[in-house]
Amino acid sequence: MTDGFGLAEDTEGASGDEFEEIDVSDTEADRIARRQDREFAEFRKRLKDNERFKLDDGAFDDATYAAIYKLVEDGYVGAFGGPISTGKEANVYEALDHDGGDVAVKVYRINASNFKQMRGYLEGDPRFEGIRGDKKAVVLSWTRKEFANLQRAREAGVRVPEPIAVQRNVLVMELIGREGDAAPTLNDVDVDNPETAYEVVREYIRRLYDAGLVHGDLSEYNLVVYDGELVVIDVGQAVTIHHNKHDEFLQRDCRNIANFFARQGADVDPESLYDYVVENASPRSDETTDRPDDE
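Counted the way the numbering used here counts, the sequence shown spans residues 121 to 415.
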């Protein structure tokens, strides 16, 4: 594996959007689904019949098709390829935008089996105060949370997929890799220079924490390698420092990362990584700053 491991540019003054308003109310996608016009019905049938894009497995409702339809209408998606990954929470598909550029489309399942665990990552986040307890509300909030977390991580100089658009439970973002050749995870490559790779990941953790975020599930399985860079993926569960378990999650991230690189031969340990992060970051903690005005 290349030993480049270039860091993304450190953007000074990453936005502290702990209280960014995230609207999960009735959307255009929901209205399209209810309208059930002929054009949309034909579009939905084409998706259901497409062998490379099977959504009709009981986990996706009509409004999911409507959300995809809206993203197509708005020019964010032009054509679908095959699945990159499938899981209990979401499926990720290769796609092309209307200009022929590669994108990834992540479709979260409304009937996610672990939505209660998902809710645990939402509770305590001031961006989601008052969220309802039903599956739909949790999954829609989670999707927008991942979009917001990707935006903040990029502003902090962390290499993550660029978020492009979000509609209901569907997220469009940069495709990491090439069509038909998804980028491998850090676990799936030979790490030629573990010390350098470790320093990059350590800096990513610090930058996230400085921006008031903790990934919460960071490991060798959600770091991918592409064009000599390490890229952090799956940031939907990332929490702000206002979450009551943020320190527990940070310690877990440090333990996972340090243990992986120690197995690769690097002289690292979880305690030193944790101390480095908290001693070299100044996370935002002002609970009154950047709260949006009531609309």
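Every residue, glycine too, gets a C-beta built ideally from N, C-alpha and C.
C-alpha gap between residue i and residue j, whole angstroms
| i | j | result |
| --- | --- | --- |
| ARG383 | CYS374 | 14 Å |
| SER205 | VAL359 | 24 Å |
| VAL351 | LEU343 | 6 Å |
| ALA189 | LEU216 | The amino acid at residue 189 is misidentified as Ala; the sequence shows Tyr. In a straight line, the C-alpha of TYR189 is about 14 Å away from that of LEU216. |
| VAL280 | GLU391 | 25 Å |
| ALA331 | ASP347 | 26 Å |
| ASP176 | VAL320 | Interpretation of ASP176 is limited by its pLDDT of 47, a score under 50 that renders its predicted location unreliable; no figure is taken from the coordinates. |
| ALA401 | ARG322 | 12 Å |
| VAL334 | ALA273 | 10 Å |
| PRO403 | TYR241 | 19 Å |
| ASN364 | ASP245 | 9 Å |
| ASN307 | ASP219 | 33 Å |
| VAL227 | ARG247 | 22 Å |
| LYS208 | LEU127 | 32 Å |
| ALA210 | LYS236 | 15 Å |
| ALA199 | THR184 | 16 Å |
| TYR324 | VAL278 | 6 Å |
| MET238 | GLU193 | 30 Å |
| ILE251 | LEU191 | 25 Å |
Beta-carbon contacts of residue i that lie in its chain and below 6 Å, excluding the five residues immediately before and after
| i | result |
| --- | --- |
| GLY336 | GLN357, ALA358, VAL359 and PHE369 |
| PHE163 | TYR189 |
| PHE380 | GLU340 |
Whether residue i touches residue j by CB criterion (8 Å)
| i | j | result |
| --- | --- | --- |
| THR263 | VAL286 | yes |
| GLU349 | PHE125 | yes |
| ILE230 | VAL212 | no |
| VAL397 | ARG298 | no |
| VAL355 | ASN234 | no |
| ALA224 | LEU338 | no |
| GLN371 | TYR341 | no |
| VAL70 | VAL345 | In the structure displayed, the chain extends from 121 to 415; residue 70 sits before or after that span and is not available. |
Integer-rounded CB distance, given that residue j should sit under 8 Å from residue i
| i | j | result |
| --- | --- | --- |
| LEU328 | ALA276 | 6 Å |
| GLY385 | PRO314 | 5 Å |
Beta-carbon proximity list for residue i, same chain, < 7 Å, skipping 5 on both sides
| i | result |
| --- | --- |
| TYR196 | ASP217, ILE284, ALA285 and VAL292 |
Residues near residue i in its chain [Cβ-Cβ closer than 8 Å; skip 5 each side]
| i | result |
| --- | --- |
| LYS256 | ILE230 |
Residue ranges of each alpha helix (DSSP H) within the segment 280-361, 4 or longer | 314-330
Residue ranges of each alpha helix (DSSP H) run of no fewer than 4 residues wholly in the segment 218-260, ordered along the chain?
-> 235-242
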